[in-house]
Structure formats: structure tokens, C-alpha cells
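Note sheet for the following structure.
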Amino acid sequence: MTEADLSALYRRYIACLNDRDWQSLGTFVHEEVQHNGRKFGLSGYREMLEADVRAIPDLTFNIDLLVSQPPHVASRLLFDCTPKGLLFDLPVNGRRVRFSENVFYRFRDGRIDSVWSVIDKAAVASQL
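In terms of the numbering used here, the sequence shown has 96 at position 111, counting the first letter as 1, and numbering is strictly consecutive.
Structure (C-alpha cells):
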């Protein structure tokens, strides 16, 4: 897969998340996916995303920076949202917050099999 192909695939994955098209998630995410070293599997990964959306109904994934070097993608995602209650153990309670996530993905057989994510929790704390 070329850099351009992998970047396009990643953008389709982000569109799948933003569309809440959970039925299509397996098109982009491997059955044996891991997140920050934890073996989630596709069903666990989907449950994590669904929980995120329940906690943050207006959650939208916005690509700020995207670097593709097959089989890896590095992305900086921006969020501007209003979580309902706690976010990262912080009492956001419906206030608007902005933060970023730096995330690295490894693809295998055209699907994400590993995700390493670091969220800027300090940015949320500084807005409360």
C-alpha cells in the first residue's frame, strides 16, 4: 500500500467514526486490534468508541496533521466538544472544551491492528 493509499484509507476510517457507522468499523479495524497495549479486539474497540460518543454526543474527529509511512499512520486529531459529565476524570459537565490527541496506528492486511494514543488532558484541565 502506498503512502497516498494509506492516507486515503485513514481518512475513510475517520469518516466512518464521524458518521457513527459502527457496522462498517471492521472494514478499517482488524479483529485483533490493540489499543495502548491492551488487546481489545474489534468488539472491544467498538464498545470504547460507542462509550466515547455516549459521553460526548457531539464528538467529531478532526484531522489536523497526518503522516503516512506504510504500514504506519501518525495523526494529530483535534476535538472541540461538550462532554456530558466527567472527561478524563475531570468535571466538564457540559462545558465546551478543546483538546488534541496524538495517535499512531499500525495497519496489517489493510486494517488497523495497533493504536497508540496520547490525549492532551492538561488542555482540558486548563479550561475548567
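Ideal Cβ placement from N, Cα and C applies to all residues, glycine included.
Since this is a predicted model, take the numbers as computed values, not measurements.
Can you tell me whether residue i is helix, strand or coil according to DSSP?
| i | result |
| --- | --- |
| L63 | strand |
| I93 | For the sequence presented, residue 93 should be read as Arg rather than Ile. Three-state DSSP puts R93 in a strand. |
| N21 | coil |
| D(-10) | helix |
| D4 | helix |
| I41 | coil |
| R81 | coil |
Starting from the Cα of residue i, find the closest Cα among the options and give me that residue.
| i | options | result |
| --- | --- | --- |
| N78 | I48, S85, L62 and Q112 | Q112 |
| I41 | L51, S53, R(-4) and F73 | F73 |
Might you give, ordered along the chain, the residues of its own chain that have their beta carbon closer than 7 Å to the beta carbon of residue i, omitting 5 neighbours on each side?
| i | result |
| --- | --- |
| D43 | C66 and T67 |
| R91 | P56, H57, D98 and S99 |
Answer with yes or no whether the minimum CB distance from residue i to chain B is below 8 Å.
| i | result |
| --- | --- |
| L75 | Protein chain content of the structure displayed is limited to a single chain, and chain B is not contained in it. |
Could you name the residues of the same chain whose beta carbon sits closer than 6 Å to that of residue i, not counting the 5 residues immediately before and after it, in chain order?
| i | result |
| --- | --- |
| A36 | none |
Give every residue of the same chain whose Cβ lies closer than 8 Å to the Cβ of residue i, excluding the five residues on either side of it in the sequence, and list them in chain order.
| i | result |
| --- | --- |
| T(-13) | P55 |
Query - Segment contact flag, the stretch 8 to 18 with the stretch 91 to 105, C-beta cutoff 8 Å, min 3 pairs - result: Verdict: yes, contact present.
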